[in-house]
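The next block holds one structure in the form of structure tokens; read it before the comments.
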Amino acid sequence: MFEARLIQGSILKKILDAIKDLVTDASWDCSPNGMSLQAMDTSHVSLVSVSLNSDGFDKYRCDRNLTLGMNLISLSKIIKCAANDDTIIIKAGDGGDKITLLFEAQNESEVAEYEIKLMNLDSEYLGIPDTTYNVTIKMPSNKFQRICRDLSQIGDAVTISCAKDGVRFGAAGDLGSGSIRLAQTATSDKPEDSVTISMQEALCQSFALKYLNHFAKATPLSAQVTLSMSPDVPLGEPLLFNVCVVEYNISDNDDENPSTIGFIRYYLAPKIDD
Amino acid sequence: EVEQHFLSNYFSTS
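Taken in order, these protein sequences are the chains called A and B. For what it's worth, the working numbering labels the leading residue of the first sequence as 4, then goes sequentially. For what it's worth, the working numbering labels the leading residue of the second sequence as 7, then goes sequentially.
Dropping the structure here:
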């Protein structure tokens, strides 16, 4: 028996909006600790990892580990039927071939019930090592989204150059070039507006904007985004250090005492040099 | 179109 009740159903809507254009089919792994999903995009170039802790749910019951394989486009269509302030309840029986979704209106006068067929997915699961990254940039998520969108007008790739005092995002193409430089901010009254850089050494790497624009669809989930990267390492070293991680924390929207209940992490390798 | 490394070359398959 699996049952998870999320008072802020809009969080689930935002998560699906952040992944459905990147990944078509994926499995939710449900355990007593929470729900998680890991999948590569269809071209196997980027990887998305979602985690929701059990204590982020108002009610959470998972008697035994379950894998719920499903088409995310279908799930997204059904989740869109929930109002933003609805409570969403996910239910699954042991060994069933479907899950039930209940949408409870805030005044509890209306309950909608939908079922989704499950799929048996034979997906490749990648082991992500626990890596220390040399450069970490924390910045407003809407600023990152805007930069990626604007630079897509100029070129297909963004070059991120990071030094202690700031970070520069640049792109070049047939029509010309463009760049945006963000300085590290002093301690701010509004932490959501701050730009924070933590680095061991300077870095300059290029990434495909097509994927970063997909990742930026998670912007409504979090006011800040974290980019973690490491400079190119010499040949023979493990390649994994080159991967960029774009992370959005998932918080409940408790205005007085917000807490992190999970995350979305996207992984992308730098573009291959021309 | 930007040419990209495949992530399966980076992470171990389990």
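Cβ atoms here follow ideal geometry from the backbone N, Cα and C, with glycine treated the same way. Just so it is clear, the structure is predicted and the values come from calculations on it, not from any experiment.
Which of the three DSSP states, helix, strand or coil, is assigned to residue i?
i	result
A:R64	strand
A:T229	strand
A:T135	coil
A:S262	coil
A:P273	coil
A:F218	helix
A:Q208	strand
A:Q148	helix
B:L13	helix
A:L9	strand
A:L224	helix
A:S79	helix
A:S201	strand
A:E195	helix
A:K16	helix
A:L185	strand
A:K94	strand
A:G59	helix
A:C46	First, the residue type needs correcting, since residue 46 of chain A is Ser and not Cys in the sequence shown. Three-state result, A:S46: coil.
A:S112	coil
Considering only their Cβ atoms, is the gap separating residue j from residue i smaller than 8 angstroms?
i	j	result
A:L212	A:M142	no
A:I264	A:D255	yes
A:I92	A:I253	no
A:T90	A:T229	no
A:V246	A:L206	no
A:S155	A:R171	no
A:S57	A:L19	no
A:C5	A:C65	Per the sequence shown, residue 5 of chain A should be read as Phe rather than Cys. Closer than 8 angstroms, so yes.
A:S144	A:Q227	yes
A:M73	A:N137	no
B:E9	A:I275	yes
Per DSSP, residue i is paired with what?
i	result
A:C84	Answer is none; A:C84 lacks a bridge partner.
A:Q41	A:S52
A:G130	B:S18
A:N74	A:D28
A:N252	A:F266
A:C33	A:M38 and A:L69
A:I119	A:I102
A:I140	A:I200 and A:L230
A:I22	Answer is none; A:I22 lacks a bridge partner.
A:G179	A:G176
B:V8	According to DSSP, which records beta bridges pairwise, B:V8 is partnered with nothing at all.
A:T162	A:G173 and A:S209
To the nearest whole angstrom, what separates the beta carbons of residue i and residue j, a pair I think is in contact under 8 angstroms?
i	j	result
A:T162	A:G173	5 angstroms
A:K101	A:L121	6 angstroms
A:K23	A:I76	6 angstroms
A:A7	A:M43	Not quite, the Cβ-Cβ distance comes to about 25 angstroms (not below 8 angstroms), so this is no contact.
A:A219	A:Q148	4 angstroms
A:T103	A:E118	5 angstroms
A:F106	A:G12	7 angstroms
A:S233	A:E250	Contact doesn't hold; Cβ gap of about 15 angstroms is too wide.
A:T190	A:V198	No, A:T190 and A:V198 are not in contact; Cβ-Cβ is about 12 angstroms, not under 8 angstroms.
A:L124	A:S30	5 angstroms
A:A160	A:F210	6 angstroms
A:L215	A:A21	Contact doesn't hold; Cβ gap of about 13 angstroms is too wide.
Please list, in chain order, the chain B residues whose beta carbon lies closer than 7 angstroms to that of residue i.
i	result
A:I275	E9, Q10 and H11
A:A272	Q10, H11, L13 and Y16
A:V53	By Cβ distance, chain B contributes nothing, its closest Cβ being about 16 angstroms from A:V53, past 7 angstroms.
A:V249	The contacting residues do not exist; A:V249 stays about 13 angstroms from chain B at best.
A:V138	In chain order: nothing, as chain B lies at least about 17 angstroms away.
Below 8 angstroms on C-beta distance, what does residue i contact in chain B?
i	result
A:A211	V8 and Q10
A:M43	L13 and S14
A:E204	Going along chain B, no residue has its Cβ under 8 angstroms from A:E204, so there is no contact; the nearest lies around 21 angstroms.
A:V26	By Cβ distance, chain B contributes nothing, its closest Cβ being about 13 angstroms from A:V26, past 8 angstroms.
List the residues of chain B whose Cβ lies closer than 9 angstroms to the Cβ of residue i, in chain order.
i	result
A:A160	V8
A:S49	Q10 and L13
A:E6	The contacting residues do not exist; A:E6 stays about 29 angstroms from chain B at best.
A:V228	Neighbours of A:V228 on chain B: none; closest Cβ ~20 angstroms, over 9 angstroms.
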